[in-house]
Amino acid sequence: MYIAIKGTVFDVSHNQAAYGVGKGYHVFVGKDASRALGKSSLKPEDTSPDISWDYSTLTEKQLKVLDDWFTFFSNRYNIVGHVSDLPIKKKT
1 MYIAIKGTVF DVSHNQAAYG VGKGYHVFVG KDASRALGKS SLKPEDTSPD ISWDYSTLTE
61 KQLKVLDDWF TFFSNRYNIV GHVSDLPIKK KT
């Protein structure tokens with residue numbers, strides 16, 4: 001099971017209790033979950049694969065939350081790749 005944050009893909013397979021099918025954070029599996037993580041959201045409108053990668057509209061506070069999640073994942077899960085075709089929008 002993989003989750004991407006800001007285009008970096010993490011292997012969360014060993015944490016079935018959190019990310020397994022039917023578990024609370026399974027909504028993040030198989031996509032770049034940057035938007036939802038930055039917003040601390042499990043809402044379908046934030047976890048939809050069509051927009052889940054787009055964090056360009058996050059506030060500075062939400063970007064800090066996203067960076068904290070990135071650090072959390074980096075310290076706990078192996079990086080297995082990078083998403084190369086995301087149309088990532090940078091905050092201007």
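Counting from 1, position 81 in the sequence shown corresponds to residue 81 in full-length UniProt numbering; the numbering is continuous, with no gaps. Using N, Cα and C, we set each Cβ at its ideal position, and we do this for glycine too.
On the three-state DSSP scale, how would you describe residue i?
i, result
"D11", "strand"
"Y19", "helix"
"A4", "strand"
"D54", "coil"
"D32", "strand"
Below 7 angstroms between beta carbons: does that hold for residue i and residue j?
i, j, result
"Y19", "R35", "no"
"S52", "K39", "no"
"L63", "L37", "no"
"V9", "V80", "yes"
Look up residue i in the DSSP assignment and give the residues it is bridged to.
i, result
"N78", "D11"
**Report entry** Meets three-Cβ-pair contact criterion under 8 angstroms: the region 25-32 and the region 69-82
**Finding:** Under the three-pair Cβ rule at 8 angstroms, the region 25-32 does not count as touching the region 69-82.
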